[in-house]
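Enquirer: The structure that follows is given in the form of structure tokens.
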Amino acid sequence: MHGSVAHSDRRESAIVTGAAGALGRATALRLGHDGFAVGILDLPGDELSETASQLASAGIAHHVLEVDLRDTDAIAAALRDADEAIGPLAALVNNAAIYPSRAFLDIPIDEYDDVVAVNQRAYFAAAQTAARLMAPHKRGAIVNVGSITWHGGWSNLASYISTKGAAVALTRALSRELGTHGIRVNAVAPGAFPTKAESIQGDQQEYSRFVIEHQALKRRGNPAEFAAVVSFLVGDDSSFVTGQTINIDGGWVME
């Protein structure tokens, strides 16, 4: 793990995993504008550096955490490091995910294990460390990022979809158990936002038409709109909301 700190003033902090991607970056920026010091956690690389650069340009206190999410010890160390470096941890957004596309009959177990490690086990490990840091303060919020795919299933994504269903189940279990510590746990289920994840879909224009056809709102979503819902769920305006899953999908899935 490698970390760096910029503009720390010991305010409350929020950690966003998968902060190198479009949804994670938008969330980090939004939470920073909300007043959190932001820990951005992801694999090292140009995309994580770009997130840090945008936070710096916006004058947002941040902490760069270069972590392989398959390493649960590194996750725990990173969250404790951020809590010490930039302020008491008040919010965790479990957003990171990998999404190999392959027919179910052809999925190697090693590939499935990697998906579970990043999309499911890392969520559990990060939430556990976060809750241990939050519990003494009797407050905190955790948001687990699921996906609308778990509602109906998509072809060639069985590993990914199974972990996204697990994110919702974990949310419900933790909300019940951590409520006594004043910690709220919710989930969001994004639809098809235009991110690099769409590279697995082939013809991008045709896929965009498919998405809009199924949505009630006839336009593509913006990552900032995803981040706004996460902001609500970690903020004071949702102080009596826990155990819920909010679909952010332009009205694709309604339940």
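Sequential numbering from 1408 applies to the sequence shown in my numbering.
All C-beta atoms, glycine included, are put in the ideal place defined by N, C-alpha and C.
My output table needs one value for residue 1431: the three-state DSSP class, helix, strand or coil.
Expert: Here the question's residue 1431 lines up with position 24 in the sequence shown. Residue 1431: helix per DSSP, three-state reduction.
Enquirer: Evaluate residue 1587 with the Cβ neighbour count: other Cβ atoms within 10 Å of its Cβ, from every protein chain shown; 16 or more gives buried, anything less gives exposed.
Expert: Translated into the one-based positions of the sequence shown, residue 1587 becomes position 180. Looking at its Cβ environment, which holds fewer than 16 other Cβ atoms inside 10 Å, residue 1587 is exposed.
Enquirer: In its own chain, which residues sit with a C-beta less than 8 Å from the C-beta of residue 1457, not counting the 5 before and 5 after it?
Expert: Residue 1457 sits at position 50 when you count from the first residue of the sequence shown. Taken in chain order, the residues that qualify are 1427, 1432.
Enquirer: Nearest CA to the CA of residue 1600: which residue from 1645, 1623, 1628?
Expert: Counting from one through the sequence shown, the residue named residue 1600 turns up at place 193. When only C-alpha atoms are compared, the closest one is 1628.
Enquirer: Taking only runs of the beta strand (DSSP E) that begin and end inside the region 1514-1587, which ones reach a length of at least 3 residues, in chain order?
Expert: DSSP runs (the beta strand (DSSP E)) wholly in the region 1514-1587: 1547-1552.
Enquirer: Measuring straight from C-alpha to C-alpha, what distance separates residue 1656 and residue 1429?
Expert: One-based indexing of the sequence shown puts residue 1656 at position 249. One-based indexing of the sequence shown puts residue 1429 at position 22. Spanning the two alpha carbons is a distance of roughly 16 Å.
Enquirer: Based on DSSP bridge pairs, tell me the residues matched to residue 1497.
Expert: Here residue 1497 corresponds to residue number 90 of the sequence shown, with the count starting at 1. Per DSSP, none; premise fails for residue 1497.
Enquirer: Taking only beta-carbon atoms, is residue 1536 less than 9 Å away from chain C?
Expert: Of the chains in the structure shown, none is chain C; there is only one protein chain.
Enquirer: With burial defined as no fewer than 16 other Cβ atoms inside 10 Å of the residue's Cβ, what is the status of residue 1630: buried or exposed?
Expert: Start at 1 with the first residue of the sequence shown, and residue 1630 comes out as number 223. The residue is buried, with at least 16 neighbouring Cβ atoms inside 10 Å.
Enquirer: I need the straight-line Cα distance from residue 1409 to residue 1481, nearest angstrom please.
Expert: Along the sequence shown, one-based indexing puts residue 1409 at 2. Along the sequence shown, one-based indexing puts residue 1481 at 74. Because residue 1409 sits at a pLDDT of 47, beneath the cut-off of 50, its placement in the model cannot be relied upon, and the following sentence gives the value as read from the coordinates. Each residue's alpha carbon lies about 10 Å from the other.
Enquirer: For residue 1624, does the three-state DSSP call read helix, strand or coil?
Expert: Residue numbering aside, residue 1624 sits at position 217 when the sequence shown is read from its first letter. It is coil, neither helix nor strand.
Enquirer: In three-state terms, what does DSSP make of residue 1449?
Expert: On the sequence shown, position 42 is the one that residue 1449 refers to. Strand, per DSSP.
Enquirer: Below 8 Å, how does it come out for the region 1494-1505 and the region 1546-1561: are there three or more Cβ pairs, yes or no?
Expert: They touch, by the three-pair rule.
Enquirer: Here's the rule I'm using: 16 or more other beta-carbon atoms within 10 Å means buried, otherwise exposed. How should residue 1612 be labelled?
Expert: Within the sequence shown, numbered from 1, the residue matching residue 1612 stands at position 205. By the 10 Å Cβ count, residue 1612 comes out exposed.
Enquirer: The alpha helix (DSSP H) with residue 1512 in it runs from where to where?
Expert: Taking the first residue of the sequence shown as 1, we reach residue 1512 at position 105. Careful: residue 1512 lies outside any alpha helix (DSSP H) and carries neither H nor E.
Enquirer: Suppose the cutoff is 7 Å on Cβ atoms and the five residues either side in sequence are ignored; what does the same chain contact list for residue 1615 look like?
Expert: The residue you call residue 1615 lines up with position 208 of the sequence shown. Contacts found: 1627.
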